[in-house]
Amino acid sequence: MLRPYNMATGAAPFDSLQVADVGDVAINTFNLQKTVDIIEQAYNDILIHDCIPLTLGGDHTLTFPVLKAMAAKHGPVALIHVDAHADINDHMFGEQIAHGTPFRRSQELGLLDSDAVFQIGLRGTGYEPEDFNWSRSRGWTVIQAEECWGQSLKPIMADIRDQIGERPTYLSFDIDGLDPAFAPGTGTVEVGGLTIWQALEIIRGCHGLNLVGCDLVEVSPTYDQSGNTSLVAANLLYEMLCVLPGVSHHK
Ligand SMILES: [Mn+2]
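Each residue of the sequence shown is one higher than the one before, starting from 1 at the first, in my numbering.
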């Protein structure tokens, strides 16, 4: 059988991995706290098996319970977080669990390896002037969107790979990290974002890392009038599949 492979990198994930869609997690749409508990349990169950979950969202809230399950299996993980926003708010409208708080909650619970947290693409309007500095004060590396403009991100990714080394690593990619020219179908659009080419450099730049899980979040079909944002997201998830440990390569 002919299996599709990545013409740019030669990665042939379907030749070397068993790839399955395990379907949706049946959340409780009326109760967010119960929902994050359901997600955590679902990922604990998935991670009993020797597999690397790739998750499509959905609200960035989901990364918090996924990281709880990740840390339960692997210990604190290195994190590469692509996003327009830091998502480190203490609360949103008084709520601790929200799509702008997952990395604050994760940090509080010790789920992240603070020496190896990288936030890329941050920009736009914040909730507080300290948004980006809170991350930096935790020892995290913040690479704002403006530092990426007009640049290849290959050198940055080489540096990130060097710093992360062998650590178990989680990749969380918020589609709003991209410029709305490429991905308008999301809830909190910010102009001046990353290009598709830079997104590919980031994900392909994860090759060689000990990736233990990835997600692609914040695609909102309601706002995705052409369907293009979902297409972009699906392709980025495929690119993540192509850089997982154990993927064989043509060439
Ligand atoms: Mn986000």
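Backbone N, C-alpha and C fix where the C-beta goes; we use that ideal spot for every residue, glycine too.
Remember, it's a predicted structure, so these values are computed and weren't measured experimentally.
Closest to residue i by C-alpha separation, out of the options, would be which residue?
{"i": "ALA86", "options": "HIS99, ILE38, PHE182", "result": "HIS99"}
{"i": "ALA72", "options": "ALA183, SER106, HIS249, LEU153", "result": "SER106"}
{"i": "CYS51", "options": "SER114, THR222, MET70, CYS148", "result": "MET70"}
{"i": "ILE160", "options": "SER135, GLN119, ALA8", "result": "GLN119"}
{"i": "ASN28", "options": "ASP21, GLN18, VAL22, ILE39", "result": "ILE39"}
{"i": "GLY75", "options": "THR55, LEU47, HIS91, PHE14", "result": "LEU47"}
{"i": "TYR223", "options": "MET92, GLY187, GLY58, PHE30", "result": "GLY187"}
{"i": "HIS207", "options": "ASP21, HIS249, GLU146", "result": "HIS249"}
{"i": "PHE132", "options": "GLY10, HIS81, GLN163", "result": "HIS81"}
{"i": "GLY139", "options": "GLN163, ALA158, GLU128, GLU147", "result": "GLN163"}
{"i": "ARG204", "options": "GLN144, PRO245, TYR43", "result": "PRO245"}
{"i": "ALA26", "options": "ASP37, GLN18, LEU17, SER16", "result": "ASP37"}
{"i": "LEU111", "options": "TYR5, PHE30, THR169", "result": "THR169"}
{"i": "GLU146", "options": "GLN198, ARG104, ASN89", "result": "GLN198"}
{"i": "GLY58", "options": "GLN41, ASP24, ASN235", "result": "ASP24"}
{"i": "GLU95", "options": "TYR238, LYS251, ASN31", "result": "ASN31"}
Excluding the five sequence neighbours on either side, which residues of its own chain have a C-beta within less than 7 Å of the C-beta of residue i, listed in chain order?
{"i": "HIS60", "result": "ASP87, HIS99, PRO102, ASP174, VAL217, GLU218"}
{"i": "GLN33", "result": "ILE97"}
{"i": "THR229", "result": "ILE175, ALA183, PRO184, GLY185, THR186, VAL219"}
{"i": "ILE202", "result": "VAL82, ILE120, LEU153, MET157"}
{"i": "MET92", "result": "ALA98, GLY100, THR101"}
{"i": "ALA42", "result": "VAL25"}
Assuming residue i contacts residue j (C-beta within less than 8 Å), just tell me the rounded distance between them.
{"i": "THR35", "j": "SER172", "result": "Not quite, the Cβ-Cβ distance comes to about 18 Å (not below 8 Å), so this is no contact."}
{"i": "PRO180", "j": "GLY193", "result": "7 Å"}
{"i": "VAL142", "j": "SER152", "result": "VAL142 to SER152, Cβ: 19 Å. No contact."}
{"i": "LEU17", "j": "VAL247", "result": "6 Å"}
So, using beta-carbon positions, are residue i and residue j closer together than 8 Å?
{"i": "ASP176", "j": "ASP113", "result": "no"}
{"i": "LEU54", "j": "MET240", "result": "yes"}
{"i": "LEU67", "j": "VAL117", "result": "no"}
{"i": "VAL243", "j": "ALA11", "result": "yes"}
{"i": "LEU144", "j": "LEU122", "result": "Residue identity differs from the one stated: residue 144 is Gln in this sequence, not Leu. For GLN144 and LEU122, yes; Cβs fall inside 8 Å."}
{"i": "PRO13", "j": "VAL22", "result": "no"}
Around the Cβ of residue i, are there at least 16 other Cβ atoms within 10 angstroms (buried) or fewer (exposed)?
{"i": "LYS154", "result": "exposed"}
{"i": "SER137", "result": "exposed"}
{"i": "GLU190", "result": "buried"}
{"i": "MET7", "result": "exposed"}
{"i": "PRO65", "result": "buried"}
{"i": "ASN89", "result": "buried"}
{"i": "ARG104", "result": "buried"}
{"i": "LEU236", "result": "buried"}
Output needed for residue i: all residues of its chain with C-beta closer than 6 Å, excluding positions within five of it in sequence on either side, in chain order.
{"i": "CYS214", "result": "LEU54, LEU171, MET240"}
{"i": "ASP296", "result": "In the structure displayed, the chain extends from 1 to 251; residue 296 sits before or after that span and is not available."}
{"i": "ILE15", "result": "Checking the displayed sequence, the identity of residue 15 turns out to be Asp instead of Ile. Same-chain partners within the cutoff: ARG3, SER248."}
{"i": "ILE196", "result": "PHE182"}
Leaving out five residues before and five after residue i in sequence, what residues of the same chain have Cβ atoms less than 8 Å from its Cβ?
{"i": "ARG167", "result": "VAL77, ALA78, ASP113, ALA116, ASN210"}
{"i": "ALA233", "result": "LEU56, ILE175, ALA183, LEU216, VAL219"}
{"i": "GLY126", "result": "HIS85, ALA86, PHE132"}
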